[in-house]
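Worksheet for the structure shown next.
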Amino acid sequence: MPGLSIIVASADGQRFYAALELAAAAAALGRSARIFLQGEAAALLRTPVAFDGDPARRAAGQPDLVSLIAEAMAMDVRLIVCQSGMALVRMTASDLVPQVRVGGLVSFLAEAGPNDQLLTY
């Protein structure tokens, strides 16, 4: 079954939330899924994780961003943060959510399977 590779290319919490939902749904169907946070999007994985939509999500009985990240990772969704993006937003590995991998766009694309779907948010 083809995997799902998603690039989050902006520091928009709603787009990242949607990418996480999609990756988790793919993982629930038995597909491999991974998300690469490029450029300024790296800041979305700075601890403590939160975004403006969290209160509305919690009020609607949905997980907030940090909970959705944990759920997705428990489903083996891999999160990779751009090394250059981290430098851009002045982050170090110690600022990241645990178990997030640091990498580059070239290695992210090199690891994609020939039949994987690639989406950008």
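23 is the number of the first residue of the sequence shown in this note's numbering; add one for each residue after it. Note that beta-carbon positions come from the ideal geometry of N, C-alpha and C, so glycine has one too. Quick caveat: nothing in here was measured; it's all calculated off a predicted structure.
Excluding sequence positions up to five away, which residues of its chain have a Cβ less than 7 Å from the Cβ of residue i?
i	result
Ala55	Gly25, Leu26, Ala45, Ala48, Ala49, Val99
Gly75	Gly35, Gln36, Tyr39
Thr142	Ile29, Ala31
Determine the extent of the alpha helix (DSSP H) in which residue i is found, giving its start and end residues.
i	result
Gly107	105–110
Val122	Here Val122 belongs to no alpha helix (DSSP H), and DSSP marks it neither H nor E.
Ser79	With the sequence shown as reference, residue 79 is identified as Arg, and Ser is not the correct amino acid for it. Element bounds for Arg79: 76–81.
Val88	87–96
Leu42	35–50
List the DSSP bridge partners of residue i.
i	result
Phe58	Ile29, Ile102
Gln139	Leu26
Arg68	Leu118
Can you find the residues in the same chain that come closer than 8 Å, C-beta to C-beta, to residue i, ignoring five residues on each side of it along the sequence?
i	result
Glu43	Leu90
Thr69	Asp117, Leu118, Val119
Short of 6 Å in beta carbon distance, which residues of its chain neighbour residue i, apart from the five on each side in sequence? Order them along the chain.
i	result
Phe38	Val30, Leu66
Gly126	Gln105
Val88	Val71
Quick check: is the beta carbon of residue i nearer than 7 Å to any beta carbon in chain E?
i	result
Asp34	In the displayed structure, chain E is absent; only one protein chain is listed.
Validate contact between the segment 70–84 and the segment 93–109 using beta carbons, cut 8 Å, 3 pairs: no
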